[in-house]
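Here the sequence shown is numbered in the UniProt record's numbering, starting from 1 and rising by one per residue.
Just so you know, even glycine gets a beta-carbon here, dropped at the ideal spot from N, CA and C.
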Amino acid sequence: VLVLTGPRSRDVLSKLTDADLSNQAFPWLRGKSIDVSGIQTRALRVSYAGELGWELHLPMENVSKQYDKLMEAGAEFGIVNFGTYVVNSLRLEKASDGAATLITLPIDK
């Protein structure tokens, strides 16, 4: 699985596919099989960080090649790698509950 997320993620992915990635054609929490740089990919429009984004599910033997293609396509947009600490920070900014981390707030009685 490769994760592509952020405000320019649609721009990056659009450079590698002819699929319609608009909000109307590809709404949030939907999945589609699309061709991404010649590789059949199951794209899920989700983002753990609360930003526009996709999970790209593809055969393991193609992950490295697809990663390189995404980084190349995203260079003009300033694409960078990120880790789980960044994702968790963004998730907290959006007040989004994580699968592994729950937010609890004290309630004064």
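Open item on the list: Within the continuous alpha helix (DSSP H) that includes residue 10, where are the two ends?
Closed with: 9-14
Open item on the list: Between the region 53-61 and the region 71-90, can you find at least three pairs of beta-carbon atoms closer than 8 Å?
Closed with: Using a C-beta cut-off of 8 Å, the region 71-90 makes no contact with the region 53-61, since fewer than three inter-stretch Cβ pairs fall below that distance.
TODO: Starting from residue 33, follow its DSSP beta bridges and name the residues at the other end.
DONE: 42
- [ ] Look at the Cβ atom of residue 4, then the Cβ atom of residue 70, and state whether they are nearer than 8 Å.
- [x] Yes, the Cβ-Cβ distance between residue 4 and residue 70 is below 8 Å.
TODO: Please state whether DSSP places residue 3 in a helix, a strand or coil.
DONE: strand
TODO: Return the CA-CA distance between residue 1 and residue 30, expressed in angstroms with no decimal places.
DONE: 16 Å
Task: Those runs of the beta strand (DSSP E) which lie wholly inside the region 51-92 and span at least 3 residues - done: 53-57
Task: residue 86 versus residue 38 - alpha carbon distance - done: C-alpha separation (whole angstroms): 30 Å.
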